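Undergrad: Residue numbers (this note's numbering): 1378 to 1584. C-beta: ideal position from N, C-alpha, C; glycine also. If you're wondering where the values come from, they're calculated on a predicted model, not measured in any experiment.
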């Protein structure tokens, strides 16, 4: 899907609606992160007991927000902004993992890379999946370097961790975010935005 002809993407989040919707999206995602903290504490020992490193497939539930933000807002900086708001909301609710704002911002940068390469003009499922994969790659390496220092990249656990991270990134941060955007757009909540108009035009063409 392309932007409307003749309309050049703005250089930043500069519209009041963008900022307000981004803030609301960030708070909603922060609530999801916070709730997932409890689910992960319960699920991780079970999944890790099946295969060490496999629990990493769930990690994208902590960073899907960046990809979703760019798909909805379609502006440079959207992923970083929403990730930071989500991280702040999660910390206010109480985050026992506390990865911090630097990690959230870095995840946002990687989420935006494939969209930036198209000058924020192409928004489709393959680009969304690429975005999720890039964040997964960044986060997987980050964990190996700063959280799992005793685990080698080439060890069975390290390999399973990275593969699980990438699979989860593609499916959760990529595919899930894309269809979540479509579900939100179908309600008409995004009609004032390019993403909502694109979804509506696509529906009209189909039928």
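1) Using beta-carbon positions only, say whether residue 1510 and residue 1551 come within less than 8 Å of one another.
2) Compare the Cα-Cα distances from residue 1392 to each of 1576, 1575, 1571 and report the closest residue.
3) Cutting at 6 Å between CB atoms, please list the residues of its own chain near residue 1424, excluding the five before and the five after it.
4) Once the 5 residues before and after residue 1532 are set aside, which same chain residues still bring their CB inside 6 Å of it?
5) Output the residue ranges of the alpha helix (DSSP H) runs that lie fully inside the segment 1408-1453 and measure 4 residues or longer, sorted by chain position.
6) Might you give, ordered along the chain, the residues of its own chain that have their beta carbon closer than 7 Å to the beta carbon of residue 1482, omitting 5 neighbours on each side?
7) Taking the alpha helix (DSSP H) that residue 1517 falls in, what are its first and last residues?
8) Just the C-alpha distance for residue 1420 and residue 1428, rounded to the nearest angstrom, thanks.
9) Express the C-alpha separation of residue 1518 and residue 1399 in angstroms, rounding to a whole number.
10) Exposed or buried, what is residue 1586 when buried is set at 16 or more other beta-carbons lying within 10 Å of its beta-carbon?
11) Given residue 1506, which residues of its chain have a CB within under 7 Å of its CB, disregarding the five upstream and five downstream residues?
TA: Considering the structure as presented:
1) The count along the chain shown starts at 1 and reaches residue 1510 at position 133. The count along the chain shown starts at 1 and reaches residue 1551 at position 174. Going by C-beta atoms, residue 1510 is nearer than 8 Å to residue 1551.
2) Along the chain shown, read from residue 1 onward, the residue named residue 1392 stands at position 15. Nearest C-alpha to residue 1392: 1571.
3) Stepping through the chain shown from its first residue, residue 1424 is reached at position 47. Contacts found: 1431, 1432.
4) Taking the first residue of the chain shown as 1, we reach residue 1532 at position 155. For residue 1532, where only same-chain residues beyond five positions count, there are no Cβ hits under 6 Å.
5) 1441-1450
6) Taking the first residue of the chain shown as position 1, residue 1482 is located at position 105. Around residue 1482: 1457, 1460, 1461.
7) Taking the chain shown and counting its residues from 1, one reaches residue 1517 at position 140. Its alpha helix (DSSP H) spans residues 1502-1523.
8) Sequence index remark: in the chain shown, residue 1420 carries index 43 (1-based). Sequence index remark: in the chain shown, residue 1428 carries index 51 (1-based). The straight-line gap from Cα to Cα measures roughly 13 Å.
9) Translated into positions along the chain shown, residue 1399 becomes position 22. Translated into positions along the chain shown, residue 1518 becomes position 141. Residue 1399 and residue 1518: Cα-Cα distance of roughly 27 Å.
10) Here the chain covers residues 1378 to 1584 and nothing more, so residue 1586 does not appear.
11) Within the chain shown, numbered from 1, the residue matching residue 1506 stands at position 129. For residue 1506, where only same-chain residues beyond five positions count, the Cβ hits under 7 Å are 1547, 1551, 1552.
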